[in-house]
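**Student:** Chains as they are written, first to last, in numbering that gives the first Met the number 0: chain A, 0 to 430; chain B, 0 to 444. Cβ coordinates follow ideal geometry from the N, Cα and C atoms, glycine included. Just so it is clear, the structure is predicted and the values come from calculations on it, not from any experiment.
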Amino acid sequence: MYRVGKALVVVALAALAAAPLSAAGFGIFEQGAKANGMAGAFTAQADDPSALFFNAGGLGFVTKQEFSLGFTWIRSSKAEFRGANPYPGVGYRADQKTLSEFPPHFYWVRPINNVWKFGFGIETPFGLTTEWNDNFAGRFISTKAALRVFDLNPTLGWQVTPSFGIGVGAIVRYSDLELNQHVGAINPFTLGVADVGKINLKGDFSEGYGWNIGILHKYNNSFSWGLSYRSRVTVDYEGNGRLTQIPTGTPFDQVVAGVLPYGVKLPVKTSIDYPDMASLGLAMALNPTMLLEVDVNWTGWSRFKDLNVDFTGGSGNSLPDATIHERWKDVYNYRAGFRWTTSPSGQWRFGYVYDQTPQPEQSVNPLLPDADRNGFTIGYGFTGAMKVDLSLMYLDFKERSRSVSFADDTSGPFYGKYKTRAWLFGATVTF
Amino acid sequence: MRRFHIMLAVLLALLVPGMAFAQVDFSRYVAMGDSLTAGFTSGSLNATYQAWSFPAQLAGAFGVSDFQQPLVSPPGIPAILQLRGLFPTVILPASGQGVPLNLNLPRPYNNMGVPGATLHDLIATTTDNGGLHDLILRRQGFTQLEEGLGLHPTFVTLWIGNNDVLGAALSGRVIDGVTMTPVAQFQAMLTTAVGAIAQSGAKMAIANIPDVTTIPFVNTLPIYIFNPQTNQPVLVNGHPIPFIGPNGPLQPGDYVLLTASSELAQGKGIPVALGGSGQPLSDSVVLSAAEVAAIQARVNAFNAIIAGLASQVGAALVDDHALLHQLESGFVPVGGIEFTGAFLTGGIFGYDGFHPTKIGYGFIANLFIEAINQKFGTKVPLVDLSKVMFSGSTTSALRSVHGDQGVTSFVFTEQAAASLRKALNVPTDAQINQILRRRGHHGHH
Numbered sequence: 000m001y002r003v004g005k006a007l008v009v010v011a012l013a014a015l016a017a018a019p020l021s022a023a024g025f026g027i028f029e030q031g032a033k034a035n036g037m038a039g040a041f042t043a044q045a046d047d048p049s050a051l052f053f054n055a056g057g058l059g060f061v062t063k064q065e066f067s068l069g070f071t072w073i074r075s076s077k078a079e080f081r082g083a084n085p086y087p088g089v090g091y092r093a094d095q096k097t098l099s100e101f102p103p104h105f106y107w108v109r110p111i112n113n114v115w116k117f118g119f120g121i122e123t124p125f126g127l128t129t130e131w132n133d134n135f136a137g138r139f140i141s142t143k144a145a146l147r148v149f150d151l152n153p154t155l156g157w158q159v160t161p162s163f164g165i166g167v168g169a170i171v172r173y174s175d176l177e178l179n180q181h182v183g184a185i186n187p188f189t190l191g192v193a194d195v196g197k198i199n200l201k202g203d204f205s206e207g208y209g210w211n212i213g214i215l216h217k218y219n220n221s222f223s224w225g226l227s228y229r230s231r232v233t234v235d236y237e238g239n240g241r242l243t244q245i246p247t248g249t250p251f252d253q254v255v256a257g258v259l260p261y262g263v264k265l266p267v268k269t270s271i272d273y274p275d276m277a278s279l280g281l282a283m284a285l286n287p288t289m290l291l292e293v294d295v296n297w298t299g300w301s302r303f304k305d306l307n308v309d310f311t312g313g314s315g316n317s318l319p320d321a322t323i324h325e326r327w328k329d330v331y332n333y334r335a336g337f338r339w340t341t342s343p344s345g346q347w348r349f350g351y352v353y354d355q356t357p358q359p360e361q362s363v364n365p366l367l368p369d370a371d372r373n374g375f376t377i378g379y380g381f382t383g384a385m386k387v388d389l390s391l392m393y394l395d396f397k398e399r400s401r402s403v404s405f406a407d408d409t410s411g412p413f414y415g416k417y418k419t420r421a422w423l424f425g426a427t428v429t430f
Numbered sequence: 000m001r002r003f004h005i006m007l008a009v010l011l012a013l014l015v016p017g018m019a020f021a022q023v024d025f026s027r028y029v030a031m032g033d034s035l036t037a038g039f040t041s042g043s044l045n046a047t048y049q050a051w052s053f054p055a056q057l058a059g060a061f062g063v064s065d066f067q068q069p070l071v072s073p074p075g076i077p078a079i080l081q082l083r084g085l086f087p088t089v090i091l092p093a094s095g096q097g098v099p100l101n102l103n104l105p106r107p108y109n110n111m112g113v114p115g116a117t118l119h120d121l122i123a124t125t126t127d128n129g130g131l132h133d134l135i136l137r138r139q140g141f142t143q144l145e146e147g148l149g150l151h152p153t154f155v156t157l158w159i160g161n162n163d164v165l166g167a168a169l170s171g172r173v174i175d176g177v178t179m180t181p182v183a184q185f186q187a188m189l190t191t192a193v194g195a196i197a198q199s200g201a202k203m204a205i206a207n208i209p210d211v212t213t214i215p216f217v218n219t220l221p222i223y224i225f226n227p228q229t230n231q232p233v234l235v236n237g238h239p240i241p242f243i244g245p246n247g248p249l250q251p252g253d254y255v256l257l258t259a260s261s262e263l264a265q266g267k268g269i270p271v272a273l274g275g276s277g278q279p280l281s282d283s284v285v286l287s288a289a290e291v292a293a294i295q296a297r298v299n300a301f302n303a304i305i306a307g308l309a310s311q312v313g314a315a316l317v318d319d320h321a322l323l324h325q326l327e328s329g330f331v332p333v334g335g336i337e338f339t340g341a342f343l344t345g346g347i348f349g350y351d352g353f354h355p356t357k358i359g360y361g362f363i364a365n366l367f368i369e370a371i372n373q374k375f376g377t378k379v380p381l382v383d384l385s386k387v388m389f390s391g392s393t394t395s396a397l398r399s400v401h402g403d404q405g406v407t408s409f410v411f412t413e414q415a416a417a418s419l420r421k422a423l424n425v426p427t428d429a430q431i432n433q434i435l436r437r438r439g440h441h442g443h444h
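1) Looking at Val71(B): is its Cβ nearer than 9 Å to the Cβ of Leu134(B)?
2) Kindly indicate which three-state DSSP category Lys268(A) falls into: helix, strand or coil?
3) Please classify Ala123(B): is it buried, with 16 or more other beta-carbons within 10 angstroms of its beta-carbon, or exposed?
4) Using only CA atoms, which one of Arg147(A), Val148(A), Phe149(A), Asn132(A) lies nearest to Ser141(A)?
5) What residues from chain A crowd round Ser385(B), counting only those whose CB sits closer than 9 Å?
6) On the CB-based measure, 16 or more other CB atoms within 10 Å of its CB, does Ile336(B) come out buried or exposed?
7) Which class does Val352(A) belong to by DSSP, given the choice of helix, strand or coil?
8) Please list the segments of the alpha helix (DSSP H) lying wholly inside the region 191 to 237 of chain B, counting only runs of 4 or more residues, in order along the chain.
9) Counting beta carbon pairs with one atom in the region 91 to 98 of chain A and one in the region 320 to 330 of chain A, are three or more of them shorter than 8 Å?
10) By alpha-carbon positions, which one of Gln44(A), Leu242(A), Ile214(A) ends up nearest to Ile198(A)?
11) Could you tell me how far apart the beta carbons of Asp253(B) and Ile222(B) are, in whole angstroms, since I believe they sit closer than 8 Å?
12) Residues of chain A with CB closer than 7 Å to the CB of Met388(B), please, in chain order.
13) If contact means a Cβ-Cβ distance below 9 Å, which residues of the region 313 to 332 of chain B contact chain A?
14) Would you list the residues sitting across from Lys197(A) in a DSSP beta bridge?
15) Which ranges would you report for the alpha helix (DSSP H) in the region 282 to 331 of chain B if only whole runs of at least 4 residues count?
16) Quick one: list the residues of chain E neighbouring Phe413(A), beta-carbon separation under 9 Å, in chain order.
17) Give the interface partners of Leu343(B) over in chain A, defined as CB-CB distance under 7 Å, in chain order.
18) Of all the CB atoms in chain A, is at least one closer than 9 Å to the CB of Tyr360(B)?
19) Per DSSP, Asn110(B) is paired with what?
20) Are Leu148(B) and Ile196(B) closer than 9 Å when you measure CB to CB?
21) Which same chain residues, not among the five before or five after Ser261(B), have their C-beta less than 8 Å away from its C-beta?
22) Can you tell me whether DSSP reads Leu20(A) as helix, strand or coil?
23) Count the other CB atoms, across all protein chains shown, that sit within 10 Å of the CB of Val352(A); report buried if there are 16 or more and exposed otherwise.
24) Using DSSP bridges, identify the partner residues of Thr160(A).
25) When the cut-off is 9 Å and only beta carbons count, does Pro448(B) lie next to chain A?
26) Which bits of chain A does Gly84(B) rub up against, with CB to CB less than 7 Å?
27) With distance defined between alpha-carbon atoms, name the residue in Glu398(A), Leu389(A), Asn364(A), Gly415(A) nearest to Gly36(A).
28) Exposed or buried, which one is Ser75(A) when buried takes at least 16 other CB atoms within 10 Å?
29) Give a yes or no on whether the minimum CB-CB distance between Gln95(A) and chain B is below 9 Å.
30) To the nearest angstrom, how far is it from the Cα of Thr117(B) to the Cα of Leu144(B)?
31) May I have a chain-ordered list of the alpha helix (DSSP H) segments no shorter than 4 residues that lie completely inside the region 34 to 62 of chain A?
32) Under a CB-based cut-off of 9 Å, is Lys416(A) close to chain B?
33) At the level of alpha carbons, what is the spacing between Leu98(A) and Trp210(A)?
34) To the nearest angstrom, how far is the alpha carbon of Tyr208(A) from that of Phe119(A)?
35) With 9 Å as the threshold, decide whether the Cβ of Gln433(B) is near any Cβ in chain A.
36) Helix, strand or coil, according to DSSP, for Thr394(B) in the structure here?
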């Protein structure tokens, strides 16, 4: 029964939970359109059900049952790579396939009594999709990578005083991932590189566990502050790989087929150490209709050191283990949000975020080319029979160049410059 | 007024070297050396591959447009070796022979590398009776060094000495003064050559000599009898059986050269009980552990001399020895593709097991560039390896010869071996024995 229930949840959410690129690294901070409109500077407000993600302390202040349901539509408008020597060479240019993903969010909050409150959230705090075209020169590193993550986040809120709230939650993280690349070998008949196979690795849905805590203090009518922390989570994946032969049309194919395990299930294991994150926010009401918030977020990306791919099969259904060195570092990002209530039913929001990349230059590659980002947001909230929040973010990645390698890099130079821009449209309804 | 002139002269003298140091003039680049400089590959000097010699790739990175080489039309001189099939593996020279394409250039070539040239050849040989020296030096009465300096180079790469020691591996015989140059002679001659280049005012990059055991010509074949179908050792009572060498069963540390493969195909080196002829392998196709140690010691001695002279004249030192070790013991990745020093499937070495492919020469060009940039503070761009990594087409010969009768194992054919030895001036066993007999008559020098 447990397994069936879990499987259903997984299937239902997998269809929605998805992709990439809005908080540096592979984090997605866009988990509610109201907060998005203020570039995520929401830790010291946390005044709608998305508090479950942004600051569980806000749950303490809940006075009525509400449901929130929404998504963020992430669409890349540019995801370009331009090569450098020694490989793939000056003049080489490639584009990623246009990214279009809809990571969803869902929140349910209800008071148990005046002091204790309960909430349940489903969030998509991480995700990644990078996909390159077929003849991409980096196909021996990655052709497509997809990571899907969603958190089940039951939370208990405690309104300690009329102005002070604490929330504590449990995180059950479900995630699956997929990696694809070509396998290259030297064809002895040409003494040049030939594509001899495609490899697809899948880590099936697995879970990891963590927790979160938040406090929100409304110091007076014009000033509040909040602190939120979401813990580390490790997800161990198991799944299968499959290697498909690409024939060269020479007798070399027989040699390769004798060495590589084509067409069989290759049991595989991997693991991702997801970072913890902490946010501190200060909000100040400038007048009864205008409020300014500034936040600083810290993400403990230094946990993300290596991606180890271990093939666990025996002879005949195994490949050599692989390690992708990441060696990320902890980072901060800075957010500023402004909201302006223009009528009893309408509110405009504006925001700016500067997001530092955790990725060192040496691990920038086609699987995950990250960069520092500047994000600009605008949002509007409308209260009628239900609350509707809309947000739009323009996210500009700084040009990221790669011209050095780790000494123990197993992929070698794939040098050049990445340039990415994306639009994020968020919509959340609350009722 | 005179005082002022003197001051100006002193100021200029102080300034100019500093400026020259920060900005190296690559406009007149001359490459000196041997087959590795010439762009020799798969046993052949062939325009298709000379276009990708490391000096040609380097000249491209320097931005030099008029870089002239002694090009030879395909199939090259000698004709290029081809892989004619994998089951069995057959390597044979192509038919025909190329002709020189650039003989009438009214000046010395920028790429002066002469296949087979020793250090002695560099500074003393002006003709070789119709050999490759005559093709490249064109009987002007000058040595390679003199012709190269005749271009008044601003920059010189020098990679010489390989034939002063690695020739011993090609011939399978290690004899001081015959297949290996004595250390003192090497030191004296290299000092002369490097000194002459330095005196010309040219900046320099000097490459060292690889370890003989990192070359597929030496390290590809096992010392144990193997099943050519599986490439696994044949076990008798659980033990692998070594080939029979000139001095009895081979020992760990001995090496069987690629040229042994045609003898192995005739059953030599294999006991009668295992289907062989029971005859030992020739001395010329085996390197004993002691011979390998002697070659390695000589390479190390030469490399110490090369490093010392490079440092003395302020030249960039290019460490091929280290690169080949890395390729032999592991791999060097580029864009997710792993290149190794393996024969046929490593990507770096051509069909002679000795000379690099276009890709290998690209690696070497980048090794030069890294050393030059580090030494001189220049920003020469690395060469674009994507231009050489994917090129090449399947030889048409492959289809016709695939499935040939009568050859039961891996064969680096007798023709292939003879062609390679001739091009590189490697003495045959008979010639070596003749020299030794003469020595015996006249006593040691």
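**Tutor:** This is what the structure holds:
1) Counted from its first residue, the second sequence places residue 71(B) at position 72. Counted from its first residue, the second sequence places residue 134(B) at position 135. By the CB criterion at 9 Å, Val71(B) and Leu134(B) fall inside the cutoff.
2) Walking along the first sequence from the start, residue 268(A) turns up at place 269. Reduced to three states, the DSSP call for Lys268(A) is strand.
3) As a position in the second sequence, residue 123(B) is number 124, starting the count at 1. By the neighbour-count rule (16 or more Cβ atoms within 10 Å), Ala123(B) is not buried but exposed.
4) Residue 141(A) sits at position 142 when you count from the first residue of the first sequence. Answer by Cα proximity: Asn132(A).
5) On the second sequence, residue 385(B) is found 386 positions in, with the first residue counted as 1. The answer, in chain order, is Gly82, Asn84, Pro85, Tyr86, Pro87, Gly88, Tyr91, Ala136.
6) Within the second sequence, residue 336(B) is the residue found at index 337, counting from 1. The residue is buried, with at least 16 neighbouring Cβ atoms inside 10 Å.
7) Your numbering for residue 352(A) matches position 353 in the first sequence. Under the three-state reduction of DSSP output, Val352(A) falls in the strand class.
8) 215 to 218
9) no
10) Against the first sequence, residue 198(A) aligns to sequence position 199. When only C-alpha atoms are compared, the closest one is Leu242(A).
11) As a position in the second sequence, residue 253(B) is number 254, starting the count at 1. As a position in the second sequence, residue 222(B) is number 223, starting the count at 1. With 8 Å as the limit, Asp253(B) and Ile222(B) qualify as a contact, their Cβ atoms being about 5 Å apart.
12) In the second sequence, counting from the first residue as 1, residue 388(B) sits at position 389. In chain order: Gly191, Val192.
13) Phe330, Val331, Pro332
14) Taking the first residue of the first sequence as position 1, residue 197(A) is located at position 198. For Lys197(A), the pairing in a beta bridge is given by DSSP as His181(A), Thr243(A).
15) DSSP runs (the alpha helix (DSSP H)) wholly in the region 282 to 331 of chain B: 288 to 312, 319 to 328.
16) The structure shown contains no chain E; its protein chains are A and B.
17) Numbered from its first residue, the second sequence carries residue 343(B) at position 344. Ordered by position in chain A, the residues that pass the 7 Å Cβ test against Leu343(B) are Pro187.
18) On the second sequence, position 361 is the one that residue 360(B) refers to. So, not an interface residue.
19) Indexing the second sequence from 1 puts residue 110(B) at position 111. Answer by DSSP bridge pairing, in chain order: Ala30(B).
20) By one-based count along the second sequence, residue 148(B) stands at place 149. By one-based count along the second sequence, residue 196(B) stands at place 197. Yes, the Cβ-Cβ distance between Leu148(B) and Ile196(B) is below 9 Å.
21) Taking the first residue of the second sequence as 1, we reach residue 261(B) at position 262. Correct list, in chain order: Val410, Phe411, Thr412, Glu413, Ala416.
22) Here residue 20(A) is taken as the residue at index 21 of the first sequence, counted from 1. Because Leu20(A) sits at a pLDDT of 49, beneath the cut-off of 50, its placement in the model cannot be relied upon, and the following sentence gives the value as read from the coordinates. Coil.
23) Residue mapping note: residue 352(A) aligns to position 353 of the first sequence, counting from 1. Counting Cβ neighbours within 10 Å, Val352(A) comes out buried, since at least 16 surround it.
24) By 1-based counting over the first sequence, the position of residue 160(A) is 161. The partner list for Thr160(A) (beta bridge, DSSP) reads Phe163(A).
25) Nothing about residue 448(B) can be read from this structure; chain B reaches only from 0 to 444.
26) Translated into the one-based positions of the second sequence, residue 84(B) becomes position 85. Ordered by position in chain A, the residues that pass the 7 Å Cβ test against Gly84(B) are Pro250.
27) As a working note, residue 36(A) is residue 37 in the first sequence. For the residues Glu398(A), Leu389(A), Asn364(A), Gly415(A), the minimum Cα distance to Gly36(A) belongs to Leu389(A).
28) Looking up residue 75(A) in the first sequence gives position 76. Result: buried.
29) As a position in the first sequence, residue 95(A) is number 96, starting the count at 1. The beta carbon of Gln95(A) sits no closer than 9 Å to any beta carbon of chain B.
30) On the second sequence, position 118 is the one that residue 117(B) refers to. On the second sequence, position 145 is the one that residue 144(B) refers to. The alpha-carbon atoms of Thr117(B) and Leu144(B) are separated by roughly 12 Å.
31) 50 to 53
32) Position 417 of the first sequence, counted from the first residue, corresponds to residue 416(A). So no, Lys416(A) is outside the interface.
33) What you label residue 98(A) is simply residue 99 of the first sequence in a count that begins at 1. What you label residue 210(A) is simply residue 211 of the first sequence in a count that begins at 1. If I take the Cα positions, the gap works out to 31 Å.
34) Numbered from its first residue, the first sequence carries residue 208(A) at position 209. Numbered from its first residue, the first sequence carries residue 119(A) at position 120. The alpha-carbon atoms of Tyr208(A) and Phe119(A) are separated by roughly 15 Å.
35) If you number the second sequence from 1, residue 433(B) lands on position 434. It does not; no Cβ of chain A falls within 9 Å.
36) Looking up residue 394(B) in the second sequence gives position 395. Because the pLDDT of Thr394(B) is 48, which lies under 50, any placement of that residue in the model is unreliable, and the number read from its coordinates should be weighed accordingly. Three-state result, Thr394(B): coil.
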